[in-house]
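K.L.:
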Amino acid sequence: MTTTTVVAPDLAARNIKVTQARVVGSEWIKLRSLRSTVYTLIASVAITVGLGILFASFAVARLNSTGHLDTDPVTLTLRGAFLAQLAIGVLGVLLITGEYSTGMIRATMSAVPRRLPVLWAKLGLFGVIAVLVSVAAAFVAFLSGQAILSSKHVGASLSDPGVLRAVIGTGLYLAVVGLLGMALGFIIRNTAGAITTLFGILLVLPVLGEVLPASWAAHVVPYLPSNAGQAIMTLHPDPNTLAPWTGFALFVGYTAVAVAVAAVLLKRRDA
Amino acid sequence: MIEAHGLTKRYGDKLAVDDLTFTVQPGMVTGFLGPNGAGKSTTIRMIIGLDAPTAGSVTVNGRPYAEHAAPLREVGALLEARAIHTGRSAYNHLLALAATTGIPRRRVDEVVDLVGLREVARKRAGGFSLGMGQRLGIASALLGDPATFILDEPVNGLDPEGILWIRNLLKKLAAEGRTIFVSSHLMSEMALTADQLIIVGRGRLIADVSVAEFTRASRHSVRVRSPQAAVLRDALAGPEVTVTAAGADILEIDGLDSETVGRIAAEHGVMLFELVPHTASLEEAFMELTRDDVEFRANEGAELVGAGRSAS
């Protein structure tokens, strides 16, 4: 056991105080120092890209036997996002519920007792990372998928109308799924509960929407969060869905509401 | 300095902390004592702003904890429940906390050495023993070199060497003029470390005394064995004196010291076989004081018999 001095004389002279930028710095250390975070992010990319390549290869194989491509080549190579949303959504949830389940949240909140800087730092940092990683993954998935399809001259190009929007939009959709997961994690504070809620909203609501009477469905189904959000990913929006950016804006709006609820509860509840 | 005024916390219909008012002074170790469930941890959580009081207020160095610009610089806290992500290394845990308020990496290295975690600092905290976890918690409390330390049951899970280390650390920090507030449910531990005691039971303040006062006020009794117990009993009778028969020829006397009992016996020609002064240990005094405020108590005997029967 050492008997080094307890005092740190230089601390007194330094500008020691909590700032939003410093909380972001702290969250960055937390984010990169957990293996599970890094692996989940890699999984999300691998799924997006891997499935894009896989689906393109299957399409080429089918093309060889049937002689025609049965789906649009853009949506085909971006379809991995439907699975990747699970990974990035879970990651968003875990970045906060992991703190609640381990007790880390008590250290976090005693270091930043005003609390809201932690919410903004986590959302901002994860938001930027999720956008960069997901958009990059969508581009790689699209380009490598098209490279496979182009051997049969059925590929699409980024310069075709709506293609660039669909590719970028796929990345943006994934990032917002992650942020919605994070907001739900802040609200529910429990991993299983938040994940169930997130995928209940994204995956189950559209299925339930299908059983609605047709007259209702037209007013409900396009506005469900995932249907609205995914409008930006499709090359040729079908008449029953919202316009690409309108749908995406609505999806962001839902997420913003969840973030607002999270902020109020974070400030109000005992940590 | 920590000042609590009418601090109250209610969970549903249960009052966890009931109108606590106390001041924790700098320059000494203040023990926060009470049986399990007395509201110690809840009080500490309110001091560092994790829980909001239902009523009343508490300030650290003159302000509510959350209003300090640099909370880690004001207060170093070790909470009873672990506050570490199990998947992160001790070093990165400290680095992340330090980063919130601009504490340099050098200070992280310093506190890692100070608590003796150098060899395991790069390992995941999930694999830490209870004692190592406590040391990491203390390292995080030391990070900001704060004027006030709040430690909830710091010796839990520590080996004897670790306990001694904590005791000396706390005394040293107090000697530097800092405010040290340490909770414990063990009077014996506090007797060795604390200067002042704040004793709570069922969320209420029972006593706010110095250890010296507490020791002085604790019960002294004398036990005598004499064939003439009845005669002695009458001779000892007085307004401040309680005499109880602990056997046919044994008396327990409260309120007189052994010299006085011996002198009175001699004056009345009473033969004594035994004359034993007995000072209640601090632990006994503490249990006496909090006896009515223990939340969970083993129902001695009955429980075991019942369990045995239902099992057969």
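Protein chains in written order, with my numbering: chain A, 396 to 666; chain V, 90 to 401. Ideal Cβ placement from N, Cα and C applies to all residues, glycine included.
Closer than 7 Å by C-beta to Leu-518 of chain A: which residues in its own chain qualify, once you throw out the five before and the five after it? Chain order, please.
P.N.:
To locate residue 518 of chain A, count along the first sequence from 1; it is residue 123. Only Leu-574, Met-577 and Val-654 meet the Cβ criterion.
K.L.:
Can you give the beta carbon distance from Leu-371 of chain V to Ala-296 of chain V, rounded, assuming they're within the 8 Å contact cut?
P.N.:
For the purposes of this step, residue 371 of chain V is taken as the residue at position 282 of the second sequence. For the purposes of this step, residue 296 of chain V is taken as the residue at position 207 of the second sequence. Contact doesn't hold; Cβ gap of about 12 Å is too wide.
K.L.:
Quick one: Cα of Glu-163 of chain V to Cα of Gly-233 of chain V, how far?
P.N.:
Within the second sequence, numbered from 1, the residue matching residue 163 of chain V stands at position 74. Within the second sequence, numbered from 1, the residue matching residue 233 of chain V stands at position 144. One C-alpha to the other measures close to 8 Å.
K.L.:
Measure from the C-beta of Thr-586 of chain A to each C-beta in chain V and report whether the shortest distance is under 8 Å.
P.N.:
As a working note, residue 586 of chain A is residue 191 in the first sequence. With 8 Å as the cut-off, Thr-586 of chain A does not count as an interface residue toward chain V.
K.L.:
Please check the pair Leu-96 of chain V and Val-147 of chain V, which I expect to be a contact at CB under 8 Å, by giving their CB distance rounded to whole angstroms.
P.N.:
Locating residue 96 of chain V in the second sequence gives position 7, counting from the first residue. Locating residue 147 of chain V in the second sequence gives position 58, counting from the first residue. Sure, about 5 Å apart at Cβ, within 8 Å.
K.L.:
I'd like to know whether the C-beta of Leu-240 of chain V is nearer than 8 Å to at least one C-beta of chain A.
P.N.:
In the second sequence, counting from the first residue as 1, residue 240 of chain V sits at position 151. Cβ-Cβ to chain A under 8 Å: no for Leu-240 of chain V.
K.L.:
Distance check for Arg-457 of chain A and Leu-426 of chain A, CA to CA, integer angstroms please.
P.N.:
As a working mapping, residue 426 of chain A is identified with position 31 in the first sequence. As a working mapping, residue 457 of chain A is identified with position 62 in the first sequence. So the alpha carbons of these two residues sit roughly 42 Å apart.
K.L.:
Around the Cβ of Asp-241 of chain V, are there at least 16 other Cβ atoms within 10 angstroms (buried) or fewer (exposed)?
P.N.:
Numbered from 1 along the second sequence, position 152 holds the residue referred to as residue 241 of chain V. Buried, because 16 or more other Cβ atoms sit within 10 Å of the Cβ of Asp-241 of chain V.
K.L.:
Check the Cβ-Cβ distances between His-174 of chain V and every residue of chain A, and say whether any is below 8 Å.
P.N.:
Numbered from 1 along the second sequence, position 85 holds the residue referred to as residue 174 of chain V. So yes, His-174 of chain V belongs to the interface.
K.L.:
Tell me which residues of the region 477-496 of chain A have at least one Cβ-Cβ distance to chain V shorter than 8 Å, keeping chain order.
P.N.:
Gly-493 and Glu-494
K.L.:
DSSP beta-bridge partners for Met-117 of chain V?
P.N.:
Along the second sequence, read from residue 1 onward, the residue named residue 117 of chain V stands at position 28. Answer is V:Thr-268, bridged to Met-117 of chain V.
K.L.:
Which class does Glu-605 of chain A belong to by DSSP, given the choice of helix, strand or coil?
P.N.:
Translated into the one-based positions of the first sequence, residue 605 of chain A becomes position 210. It is coil, neither helix nor strand.
K.L.:
Comparing C-alpha positions only, which one of V:Phe-217, V:Ile-133, V:Ser-229 and V:Gly-216 sits nearest to Asp-202 of chain V?
P.N.:
Residue 202 of chain V sits at position 113 when you count from the first residue of the second sequence. Considering only alpha carbons, the answer is V:Ser-229.
K.L.:
For Ala-416 of chain A, does the count of other Cβ atoms within 10 angstroms reach 16, so buried, or fall short, so exposed?
P.N.:
Position 21 of the first sequence, counting from 1, holds the residue named residue 416 of chain A. The residue is exposed, with fewer than 16 neighbouring Cβ atoms inside 10 Å.
K.L.:
Please decide whether Gly-191 of chain V counts as near chain A, where near means a Cβ-Cβ distance under 8 Å.
P.N.:
What you label residue 191 of chain V is simply residue 102 of the second sequence in a count that begins at 1. Yes - at least one Cβ of chain A is within 8 Å of the one on Gly-191 of chain V.
K.L.:
Can you name the residues that DSSP bridges to Arg-152 of chain V?
P.N.:
Within the second sequence, the letter at position 63 stands for residue 152 of chain V. BP columns for Arg-152 of chain V point to V:Val-149.
K.L.:
Taking contact to mean 3 or more Cβ pairs, one atom from each stretch, closer than 8 Å, check whether the region 462-470 of chain A and the region 494-513 of chain A are in contact.
P.N.:
no
K.L.:
Does the structure place the region 434-449 of chain A close enough to the region 469-476 of chain A that three or more beta carbon pairs sit under 8 Å?
P.N.:
yes
K.L.:
How would you label Val-652 of chain A, buried or exposed, when you count the other beta carbons within 10 angstroms and need 16 or more for buried?
P.N.:
Numbered from its first residue, the first sequence carries residue 652 of chain A at position 257. Under this definition Val-652 of chain A is an exposed residue.
K.L.:
Got a sec: is the Cβ-Cβ distance from Glu-389 of chain V to anything in chain A below 8 Å?
P.N.:
One-based indexing of the second sequence puts residue 389 of chain V at position 300. The pLDDT assigned to Glu-389 of chain V is 49, lower than 50, so where the model puts this residue is not dependable; a value taken from the coordinates is nonetheless given after this. So, not an interface residue.
K.L.:
Mind listing the chain V neighbours of Ala-666 of chain A? Cutoff is C-beta to C-beta under 9 Å, in chain order.
P.N.:
In the first sequence, counting from the first residue as 1, residue 666 of chain A sits at position 271. Simply Arg-134, Gly-138, Leu-139 and Asp-140.
K.L.:
What do you reckon, are the CB atoms on Ala-666 of chain A and Ile-491 of chain A nearer than 8 Å?
P.N.:
For the purposes of this step, residue 666 of chain A is taken as residue 271 along the first sequence, with counting starting at 1. For the purposes of this step, residue 491 of chain A is taken as residue 96 along the first sequence, with counting starting at 1. Cβ atoms of Ala-666 of chain A and Ile-491 of chain A: not closer than 8 Å.
K.L.:
Do three or more CB pairs link the region 175-187 of chain V to the region 201-217 of chain V at distances below 8 Å?
P.N.:
yes
K.L.:
Determine the direct distance from the alpha carbon of Lys-103 of chain V to that of Met-276 of chain V, and round the result to whole angstroms.
P.N.:
Position 187 of the second sequence, counted from the first residue, corresponds to residue 276 of chain V. Position 14 of the second sequence, counted from the first residue, corresponds to residue 103 of chain V. Each residue's alpha carbon lies about 26 Å from the other.
K.L.:
Taking a Cβ distance cut-off of 7 Å, strictly less, list which residues of the region 422-444 of chain A are near chain V, in chain order.
P.N.:
Ile-424, Lys-425, Ser-428, Leu-429, Arg-430 and Ser-431
K.L.:
If the cut is a Cβ gap below 8 Å, which residues of chain A does Pro-160 of chain V touch?
P.N.:
As a first step, residue 160 of chain V must be located in the second sequence, where it is residue number 71. Correct list: Val-413, Ser-505, Ala-506, Val-507 and Pro-508.
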